[in-house]
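Numbering (our numbering), first residue to last: 1 to 470.
Heads up, the thing below is written out as structure tokens.
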């Protein structure tokens, strides 16, 4: 009887003249085939694991988001979501950002899944004389956050409100009145809160958290520190500048209070961050408009406002009447061969000098910044889109020179619909050039969102809270 290795059957002796197969040889062949198949399977799985982790496969998303392995882990019930809710109580508006995260199965780092963003205006500081009404605006935002978090997870979801420059600029008693009303609201909410849940955020934390958000969303952590981007945030009441210094001169000549030592994604980093209270767009506008006017005046004439303008503007609960200078400046242009047209303008050089005097009083110039790749956002982005320097939907890159040229052009164009545009653009131009020491050809990358997520300090704050507690 001959054993047939393919079927295991025993059959009659073969009378074929062909060479008979060696059974042991066939078994070895099958073993080799099995080993080869296992090797191929190992290579495929390894490729998927590595590719998903390092995001080199065509279906892999950003590193900060859910990858293929994470989706498999969710399917198998090996992961669960975590949540955080942050209220950004800014000077011009209050925003709620509700984040959904999960922990990566590979490196245990948090990955960002979803984000709710809703904004209401005016800002909390506008209710300094009516704290209860101010807290009601925050209550409405909390209701929106509750809609995107499973009811069973509300008690485990940390909630924090951090107020920025708007409340920093208020008298202490008025600011505390607003904070106390919000504390009452938080204690009655179903979220996870404690005594630290409501506070006025330090300006350097604001800069650090914004910088973290930009670099996290761009997947720039974990590699060469020199590849991280500097972050310029221009808010309503303050402005921040944050980057990783690699030049020893920067480290040697910077006060220790402006250097923060942090740990991010298993790396120890030293970060330069400075916040300038009063150099936000609205706060600076108020100070620049006040130049040459009596202290406390509510009727303000300014060389940075076109002579045709008379408008009202409310800031920090006070309504001002804003006008151009009494002595007008004009520019003549030919409309045809024999006819000239004369129209009122802002004299750009005069406005530029007024703004320079204000900015140069307070701002430090870190030389290294000019060699960094820079992300600028908030009012930088807003004014750039309003003047067609970048695409309003996708964002993009522009230069300091572009801001300067836009300011010059706008100051020579009467526009009652945008009465403050000349002043605002001139302020940005001066801040970038004379404040931060950037060259005219320096490129700035301006975005409102990255991968569908808002560029906001709130994401950095959420990370900090989930990893360190409230």
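Ideal placement from N, C-alpha and C gives every residue a C-beta, glycine not left out.
Since residue 89 contacts residue 163 with CB under 8 Å, what's their CB separation in whole angstroms?
For this step, residue 89 is matched to residue 89 along the chain shown. For this step, residue 163 is matched to residue 163 along the chain shown. The pair is a contact, with the Cβ atoms about 4 Å apart (cut-off 8 Å).
Let me check one thing: in DSSP terms, what residues is residue 414 bridge-paired to?
Position 414 of the chain shown, counted from the start, is the residue given in the question as residue 414. Residue 414 is not bridged to any residue.
Element boundaries [alpha helix (DSSP H), containing residue 460]:
Taking the first residue of the chain shown as 1, we reach residue 460 at position 460. Where residue 460 is concerned, the enclosing alpha helix (DSSP H) stretches over 457-468.
First and last residue of the beta strand (DSSP E) that includes residue 96?
As a first step, residue 96 must be located in the chain shown, where it is residue number 96. Counted as a single uninterrupted DSSP element, the beta strand (DSSP E) harbouring residue 96 occupies residues 94-103.
For residue 21, which three-state DSSP category applies?
If you number the chain shown from 1, residue 21 lands on position 21. Low per-residue confidence applies at residue 21: pLDDT is 47, beneath 50, and the placement is therefore not dependable, though the value from the model is reported in the following sentence. DSSP places residue 21 in coil when its eight states are reduced to three.
Look up residue 381 in the DSSP assignment and say whether it is helix, strand or coil.
On the chain shown, residue 381 is found 381 positions in, with the first residue counted as 1. Here DSSP, grouped into helix, strand and coil, assigns residue 381 to helix.
What does DSSP give as the partner residue(s) for residue 263 in the beta ladder?
Counting from 1 along the chain shown, the entry for residue 263 is found at position 263. Beta-bridge pairing links residue 263 to 268.
Please identify the residue among 276, 143, 384, 423 whose C-alpha is closest to the C-alpha of residue 360.
Translated into the one-based positions of the chain shown, residue 360 becomes position 360. Ranking the options by Cα distance to residue 360, first place goes to 276.
With H, G and I counted as helix, E and B as strand and the rest as coil, what does DSSP make of residue 64?
Position 64 of the chain shown, counted from the first residue, corresponds to residue 64. Residue state, collapsed to three classes: coil.
Can you tell me which of the three DSSP states residue 342 falls into?
One-based indexing of the chain shown puts residue 342 at position 342. Residue 342: strand per DSSP, three-state reduction.
So the candidates are 104, 309, 100; which of them puts its Cα closest to the Cα of residue 117?
The count along the chain shown starts at 1 and reaches residue 117 at position 117. Considering only 104, 309, 100, the residue with the shortest C-alpha distance to residue 117 is 100.
Output the distance between the C-alpha atoms of residue 440 and residue 372, rounded to the nearest integer angstrom.
Position 440 of the chain shown, counted from the start, is the residue given in the question as residue 440. Position 372 of the chain shown, counted from the start, is the residue given in the question as residue 372. Those two C-alpha atoms are separated by around 14 Å.
Just tell me which of 204, 232, 157 has its CA closest to the CA of residue 375.
As a first step, residue 375 must be located in the chain shown, where it is residue number 375. It is 232 whose Cα lies nearest to the Cα of residue 375.
Proximity winner among 132, 131, 424, relative to residue 306 (alpha-carbon distances)
Translated into positions along the chain shown, residue 306 becomes position 306. Per the Cα distances, 424.
Tell whether a beta-carbon distance below 7 Å holds between residue 465 and residue 158.
Position 465 of the chain shown, counting from 1, holds the residue named residue 465. Position 158 of the chain shown, counting from 1, holds the residue named residue 158. Yes, the pair counts as a contact, with Cβ atoms nearer than the cut-off.
Below 8 Å on the Cβ atoms is my contact criterion, and I expect residue 243 with residue 230 to pass it. Report the Cβ-Cβ distance as a whole number of Å.
Position 243 of the chain shown, counting from 1, holds the residue named residue 243. Position 230 of the chain shown, counting from 1, holds the residue named residue 230. The C-beta separation of residue 243 from residue 230 comes to about 3 Å, placing the pair in contact by the 8 Å criterion.
Where the alpha helix (DSSP H) containing residue 281 begins and where it ends
If you number the chain shown from 1, residue 281 lands on position 281. Following the DSSP letters along the chain, one finds residue 281 inside the alpha helix (DSSP H) bounded by residues 281-290.
At least 3 beta-carbon pairs within less than 8 Å: the segment 383-403 vs the segment 256-272:
Contact fails: fewer than three Cβ-Cβ distances are below 8 Å.
Identified DSSP bridge partners for residue 131
Within the chain shown, numbered from 1, the residue matching residue 131 stands at position 131. Its beta-bridge partners do not exist; DSSP assigns none.
Rounded separation between residue 548 and residue 272 - CA only:
Given that the chain is displayed from residue 1 to residue 470, the structure contains no residue 548 and the question cannot be resolved.
With a 10 Å radius around its C-beta and 16 neighbouring C-beta atoms as the bar for buried, classify residue 151 as buried or exposed.
Position 151 of the chain shown holds residue 151. Classification of residue 151: exposed, given that the 10 Å Cβ count is below 16.
DSSP three-state label for residue 447, please.
As a first step, residue 447 must be located in the chain shown, where it is residue number 447. Here residue 447 sits in coil by DSSP.
Does the pairing of the segment 237-254 with the segment 277-297 give three or more beta-carbon distances under 8 Å?
Counting C-beta pairs closer than 8 Å gives three or more between the segment 237-254 and the segment 277-297, which meets the contact rule.
List the DSSP bridge partners of residue 453.
Stepping through the chain shown from its first residue, residue 453 is reached at position 453. Residue 453 is bridged by DSSP to 450.
Nearest to residue 122 by CA position, among 314, 368, 248, is which residue?
Here residue 122 refers to the residue found at position 122 of the chain shown. Closest option to residue 122, Cα to Cα, is 314.
Buried or exposed: residue 111, going by 16 or more other Cβ atoms within 10 Å of its Cβ?
Position 111 of the chain shown, counted from the first residue, corresponds to residue 111. Residue 111 should be labelled buried.
Neighbourhood of residue 169 by C-beta distance below 8 Å, restricted to the same chain and skipping five residues each side
Position 169 of the chain shown, counted from the start, is the residue given in the question as residue 169. The answer, listed in chain order, is 91, 125, 237, 277, 278, 283, 316.
Residue burial classification, residue 64 (beta-carbon count within 10 angstroms, cutoff 16)
Within the chain shown, the letter at position 64 stands for residue 64. Answer is buried; the Cβ neighbour count reaches 16.
What's the call for residue 394, buried or exposed, on a 16-neighbour Cβ count within 10 Å?
The count along the chain shown starts at 1 and reaches residue 394 at position 394. By the Cβ-count criterion, residue 394 is exposed, with fewer than 16 other Cβ atoms from all chains shown falling within 10 Å of its own Cβ.
Euclidean distance between Cα positions of residue 96 and residue 318:
On the chain shown, residue 96 is found 96 positions in, with the first residue counted as 1. On the chain shown, residue 318 is found 318 positions in, with the first residue counted as 1. Pairing residue 96 with residue 318, the inter-Cα distance amounts to about 26 Å.
Measuring CA to CA, which of 329, 335, 351, 358 is closest to residue 344?
Here residue 344 corresponds to residue number 344 of the chain shown, with the count starting at 1. The shortest C-alpha separation from residue 344 is found at 329.
Enumerate in chain order the residues of its own chain whose CB-to-CB distance from residue 104 is below 6 Å, with the five nearest sequence positions on each side excluded.
Here residue 104 is taken as the residue at index 104 of the chain shown, counted from 1. Once the five neighbours on either side are set aside, the close Cβ partners of residue 104 are 111.
Check for me: the alpha helix (DSSP H) holding residue 214 runs from which residue to which?
As a first step, residue 214 must be located in the chain shown, where it is residue number 214. From DSSP, the alpha helix (DSSP H) with residue 214 extends over 203-217.
Would you grab the beta carbon distance between residue 142 and residue 189 for me? Rounded to a whole angstrom, and I think it's under 8 Å.
By one-based count along the chain shown, residue 142 stands at place 142. By one-based count along the chain shown, residue 189 stands at place 189. Confirmed, about 6 Å.
For residue 356 and residue 430, which I take to be in contact (beta-carbon distance under 8 Å), what is that distance rounded to the nearest angstrom?
Here the question's residue 356 lines up with position 356 in the chain shown. Here the question's residue 430 lines up with position 430 in the chain shown. Yes, residue 356 and residue 430 are in contact; Cβ-Cβ is about 5 Å, under 8 Å.
Residue 183 in three-state terms, based on DSSP
Taking the first residue of the chain shown as 1, we reach residue 183 at position 183. Correct three-state label for residue 183: helix.
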